[in-house]
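Colleague: Numbering (the working numbering), first residue to last: 1112 to 1390. All C-beta atoms in this analysis are idealised placements derived from N, C-alpha and C, irrespective of residue type, glycine included. The structure is given below, and queries will be raised subsequently.
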Ligand code: PAF
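What follows is the structure, encoded as structure tokens:
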């Protein structure tokens, strides 16, 4: 395993590496969800690059950035256990942004105007800025992203297509804890009791899936809101069923034949998100 701090040294090194090159961009605090992406990249590519970089421009809330878990030593050990051959890029902010730490402006096709984009101003412009920087600098053949951040995955696919970048974007299934909680770096900030409560998000999505074909979506939305009234610590931010390509919400009077359910909730200071195919 080789660790690079600067993109210049990494680009030089990559010029001698055999292709295809698979890239797994991460913000560290790695869990089994990330590791499943790394394993898949190792299986499908001759060379693999993992980035660990907490991207400041995608945080609209300074406190969220300050709280974001960091554990580089543990991350490197976990990566090494999967493969000794991978390359790891752990840059400082100025290696990516120089002295202008700000997002560029991308056409995100309106996909950033709903759900996480509506709630977290500028978040997806920040994600697009850092991901396109990686893809343009290292030109991976494949880049791997988890469906846990399904909206992010769709937006990255859109940007890659509109900029005609050559990297193939590969979406990978959500990895869950045994109680159904979708794995996330932010879960490490939860207490044991909160982890139990956090698994309600997946329970609610499964409940919605079991009802979605039978009752109008508007009624289902009210039922979901009602389920959250029981838990004072866990507050619902949104529950939506949307078209999985356009992210447009389905009509309230419709029953759902196809669509994806998205949920966001606050648990103490932590914001949780999850999603599930409803078909
Ligand atoms: O999903 C993440 O961890 C981040 O948004 C990403 C894609 C690494 C960009 O910073």
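Tell me whether residue 1386 counts as near the ligand ADP, meaning its Cβ is closer than 7 Å to at least one heavy atom of that ligand.
Modeller: Annotation note on the ligand ADP: not contained in the displayed structure, which lists the ligand PAF as its ligands.
Colleague: Assign residue 1346 to one of three DSSP states: helix, strand, or coil.
Modeller: Residue state, collapsed to three classes: strand.
Colleague: Taking only three categories from DSSP, how would you classify residue 1389?
Modeller: Note: residue 1389 maps to coil in three-state DSSP.
Colleague: Who are the near neighbours of residue 1176 in its chain, counting only those whose CB is closer than 8 Å to its CB and skipping five residues on each side?
Modeller: Within the same chain, residue 1176 has close Cβ partners 1165, 1167 and 1170.
Colleague: Residue 1271 to residue 1355, Cα distance in whole Å?
Modeller: Rounded to the nearest angstrom, the two C-alpha atoms are 18 Å apart.
Colleague: Could you tell me the boundaries of the beta strand (DSSP E) in which residue 1237 lies?
Modeller: Premise fails: residue 1237 lies in the alpha helix (DSSP H), 1234–1249, not in any beta strand (DSSP E).
Colleague: Just the Cα atoms here: how many angstroms apart are residue 1262 and residue 1229?
Modeller: Approximately 12 Å, taken between the alpha carbons.
Colleague: Please determine if the stretch 1121–1136 and the stretch 1334–1351 are in contact, where contact requires at least 3 C-beta pairs separated by less than 8 Å.
Modeller: Segments in contact, no.
Colleague: With DSSP collapsed to three states, give me the class of residue 1353.
Modeller: Correct three-state label for residue 1353: strand.
Colleague: Can you give me the Cβ contacts of residue 1150 inside the same chain, cut-off strictly under 7 Å, excluding the 5 residues immediately before and after it?
Modeller: Here the set comprises 1193.
Colleague: Hey, is the stretch 1298–1317 in contact with the stretch 1149–1163, meaning 3+ C-beta pairs nearer than 8 Å?
Modeller: Short answer: they don't touch.
Colleague: Tell me the start and end of each unbroken alpha helix (DSSP H) in the stretch 1245–1306 that is at least 4 residues and wholly inside, in chain order.
Modeller: You should have 1261–1273.
Colleague: Comparing C-alpha positions only, which one of 1284, 1278 and 1372 sits nearest to residue 1315?
Modeller: It is 1372 whose Cα lies nearest to the Cα of residue 1315.
Colleague: Return the CA-CA distance between residue 1258 and residue 1290, expressed in angstroms with no decimal places.
Modeller: Cα-Cα distance, rounded: 18 Å.
Colleague: Using the Cα positions of residue 1274 and residue 1341, report the straight-line distance between them to the nearest angstrom.
Modeller: Approximately 46 Å, taken between the alpha carbons.
Colleague: Quick one: residues in its chain with C-beta nearer than 8 Å to the C-beta of residue 1324, no 5 flanking neighbours on either side, listed in chain order?
Modeller: Hits under 8 Å: 1366, 1367 and 1368.
Colleague: Is the Cβ-Cβ distance between residue 1124 and residue 1246 less than 8 Å?
Modeller: Not closer than 8 Å, so no.
Colleague: Just how far apart, CA to CA, sit residue 1386 and residue 1201?
Modeller: Going by the C-alpha atoms only, they are around 30 Å apart.
Colleague: Compute the minimum distance between the beta carbon of residue 1236 and the heavy atoms of the ligand PAF, and state whether it is under 7 Å.
Modeller: No, the ligand PAF has no heavy atom inside 7 Å of this Cβ.
Colleague: Please classify residue 1283 as buried or exposed, where buried requires at least 16 other C-beta atoms within 10 Å of its C-beta.
Modeller: Classification of residue 1283: buried, given that the 10 Å Cβ count is 16 or more.
Colleague: Can you tell me the Cα-Cα spacing of residue 1183 and residue 1146, whole angstroms?
Modeller: So the two alpha carbons sit approximately 14 Å from each other.
Colleague: Along the chain, which unbroken stretches of the alpha helix (DSSP H) at least 4 residues long are found entirely within the stretch 1154–1236?
Modeller: Within the stretch 1154–1236, the complete alpha helix (DSSP H) runs of at least 4 residues are 1173–1178, 1183–1193, 1204–1208 and 1226–1230.
Colleague: Can the beta-carbon of residue 1242 be found less than 8 Å from the beta-carbon of residue 1207?
Modeller: Not in contact: residue 1242 and residue 1207 (Cβ atoms no closer than 8 Å).
Colleague: On the DSSP letters alone, give me the boundaries of the beta strand (DSSP E) that residue 1377 sits inside.
Modeller: Note, residue 1377: beta strand (DSSP E), 1371–1378.
Colleague: Does the distance between the C-beta of residue 1256 and the nearest non-hydrogen atom of the ligand PAF fall short of 7 Å?
Modeller: Checking the Cβ of residue 1256 against the ligand PAF gives yes.
Colleague: Rounded to whole angstroms, what's the CA-CA distance from residue 1117 to residue 1239? Just pull it up for me.
Modeller: Whole-angstrom Cα-Cα distance: 20 Å.
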